[in-house]
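Chemist: Below you'll find the structure I mean.
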Amino acid sequence: MDMFVHILSSRIILMLGNFSYSNPTKLYFGDDSLKYLNKELPNYGKNVLLVYGGGSIKKNGIYDKVVEILKANGKEVFEDAGVMPNPTVEKLYEGCKRAKDNNVDLILAVGGGSVCDYAKAVSVSTYCEEDPWDKYYMRMEDVDNKIIPVGCILTMVGTGSEMNGGSVITNQAAKLKIGHVFRENVFPKFSILNPVYTFSLPQYQMVAGFFDIMSHILEQYFSGEDDNTSDYLMEGLLKSLIHSSRIAVKNPTDYEARSNIMWTSTWALNTLVGKGKSQDWMVHMIGQSIGAYTDATHGMTLSAVSIPYYRLIMPYGLQKFRRYAINVWEVNPEGKTDEQIAKEGLDRMEAYMKEIGLAMSIKDLGVTEEMLDGIAKGSFILEGGYKVLTFDEVVQVLKSSMI
Ligand code: NZQ
Ligand code: ZN
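According to the numbering used here, the sequence shown holds residues 94 to 496 in order.
Structure follows, in structure tokens:
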């Protein structure tokens with residue numbers, strides 16, 4: 094619930110904060126996990142809206158397998174295809190009509206974060222009596238109407254959408270890309286995670302997803318100055334991600350690496366590791382605004398601004414950056430000042446990002462000088478991290494990435 098609530102929060106938590114935790118999504122993980130769709134389907138009515146993207150699931154055969162199981166379970170299948178990366182509000186209106194006209198009992202999302210986010214948006218918006226963009230994305234209200242249950246079959250990892258309430262929708266006319274983090278009643282009821290399904294991802298999408306995971310972890314990690322169990326968990330997740338991503342970049346069909354990354358991705362944003370922490374999320378705010386202007390791949394919008402952002406805030410959270418350098422990047426602290434250690438950590442992170450092929454420049458994502466002011470204005474400035482940015486500092490981060 095944490096990602097966007099901090100617009101309202103002015104408190105930086107300096108110790109493990111109080112919280113409640115539960116996560117209602119049931120996961121089925123592994124190379125045989127699709128069979129569990131048979132177990133889940135009897136829990137829902139006859140009409141299923143099968144939601145997917147631009148056609149990758151037809152090329153890699155997942156579509157045929159899913160439809161076969163739906164039919165075998167006596168379901169009436171209605172299709173909502175063509176969910177684009179960074180799904181738009183116009184597409185959402187279309188999906189709501191389809192769900193309502195066909196009296197849908199279950200929305201089955203088969204795809205990446207965009208498809209899963211979109212399914213959740215349709216789930217809460219179909220029976221919403223006013224414009225869902227205004228209610229859920231501009232005003233961030235809770236859902237008080239009927240919610241259609243969502244199930245997810247994941248084909249791209251990174252967003253964590255398979256086990257959280259996040260749903261990001263883009264309004265191209267308003268040049269706004271906004272995420273609502275819905276409550277547990279909107280989380281997918283079940284998610285099927287088969288690492289093999291991610292093998293067909295193009296390398297660019299694959300590594301973008303890897304950085305999305307890293308960014309989710311870092312934006313929760315870089316907050317607070319306390320001794321917090323969540324930080325130890327995150328350091329472990331980061332080390333696993335760095336290790337496995339290096340293997341996957343060389344050999345994308347390495348099952349062990351891809352399955353570890355899939356699992357790390359889910360934990361990075363299923364709300365657990367952020368518990369008790371104030372959380373930052375500025376990289377996502379800037380990245381989303383870049384996405385609204387360019388429609389660029391989500392993970393790359395984050396990678397292109399992260400190093401300038403972290404170099405800017407490093408002096409305000411120096412001890413955490415020092416810890417990050419030593420515990421994650423294995424910087425040897427001997428004979429070095431705290432600044433030198435922290436800086437070396439970020440240098441190693443930058444080298445790793447270049448090594449796996451991430452975008453390091455917003456110019457490469459289609460950003461022009463003329464867009465900078467608008468992108469900065471569309472970047473909601475949040476509190477919760479080590480430094481509340483000024484508008485000029487947002488521009489500074491963007492300019493540092495115009496390389
Ligand atoms: O549309 P298809 O043809 O399926 O192709 C997709 C799409 O072009 C392709 N793809 C996915 N699985 C594939 C595959 N191609 C070949 N083989 C496969 N197995 O990959 C492309 C990108 O897919 P998309 O779903 O857009 O990627 P991602 O999972 O990164 O999702 C991005 C969206 O999620 C939002 C982002 O803002 C963005 O809109 N986020 C959602 C979050 C959440 N729910 O909590 C948090 C994240 O920070 C993020 O903001
Ligand atoms: Zn993300």
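Glycine included, each C-beta is placed from N, C-alpha and C at the ideal position. Nothing here was measured: the structure is a model prediction, and the numbers come from that model.
Please state whether DSSP places G478 in a helix, a strand or coil.
Modeler: Here G478 sits in coil by DSSP.
Chemist: Does the ligand ZN have even one heavy atom less than 7 Å from the beta-carbon of S308?
Modeler: Answer for S308: yes, Cβ within range of the ligand ZN.
Chemist: Would you say the beta carbon of P178 comes nearer than 7 Å to a heavy atom of the ligand NZQ?
Modeler: Under cutoff, so the answer is yes.
Chemist: Can you tell me which of the three DSSP states F112 falls into?
Modeler: DSSP places F112 in coil when its eight states are reduced to three.
Chemist: Quick one: give me the first and last residue of the beta strand (DSSP E) that F473 is part of.
Modeler: F473 -> no beta strand (DSSP E), and no H or E assigned at all.
Chemist: Count the other CB atoms within 10 Å of the CB of L101; is the residue buried (16 or more) or exposed (fewer)?
Modeler: With a pLDDT of only 37 at L101, under the threshold of 50, the placement of this residue in the model should not be trusted; the figure read from the coordinates follows. Burial call: exposed.
Chemist: Could you give the first and the last residue of the continuous alpha helix (DSSP H) run that contains N420?
Modeler: N420 -> alpha helix (DSSP H) spans 411-420.
Chemist: Report the residue from N196, I379, M495, N353 whose alpha carbon sits nearest the alpha carbon of K456.
Modeler: Of the candidates N196, I379, M495, N353, the one whose C-alpha sits nearest the C-alpha of K456 is M495.
Chemist: Using CA coordinates, which residue listed in S396, Y121, F275, G244 is at the minimum distance from G259?
Modeler: For the residues S396, Y121, F275, G244, the minimum Cα distance to G259 belongs to F275.
Chemist: Pairing CB atoms from the region 144-154 with CB atoms from the region 287-300, are three or more of them under 8 Å?
Modeler: Touching, per the Cβ criterion.
Chemist: At which residues does the alpha helix (DSSP H) containing N131 begin and terminate?
Modeler: Per DSSP, N131 belongs to the alpha helix (DSSP H) from 130-133.
Chemist: I'd like to know if the region 390-402 and the region 451-468 are in contact, where contact means that at least 3 CB-CB pairs between them fall below 8 Å.
Modeler: Touching, yes, given that three or more Cβ pairs across the two stretches are closer than 8 Å.
Chemist: Is D305 near the ligand ZN, going by C-beta to nearest heavy atom under 7 Å?
Modeler: True, at least one ligand heavy atom lies under 7 Å from that Cβ.
Chemist: If you reduce the DSSP assignment to three classes, tell me which class V488 lands in.
Modeler: Reduced to three states, the DSSP call for V488 is helix.
Chemist: Assuming contact is defined by CB atoms lying nearer than 8 Å, are G302 and T248 in contact in what I supplied?
Modeler: It is not a contact, given that the beta carbons lie outside the stated cut-off.
Chemist: Give the C-beta separation of Y211 and V144 to the nearest angstrom, bearing in mind that I take them to be a contact with Cβ-Cβ under 8 Å.
Modeler: Contact flag correct, Cβ pair sits at about 6 Å.
Chemist: Ordered along the chain, which non-local residues of its own chain (more than five positions away) have a Cβ less than 8 Å from that of H99?
Modeler: The predicted position of H99 is uncertain, since its pLDDT is 36 and thus under 50; a value taken from the coordinates is nonetheless stated next. Result list for H99: S371, Q372, W374, L475, E476, G477, in chain order.
Chemist: For K270, report the span of its beta strand (DSSP E) as first-last.
Modeler: Looking at the DSSP string, the run of the beta strand (DSSP E) that includes K270 is 269-274.
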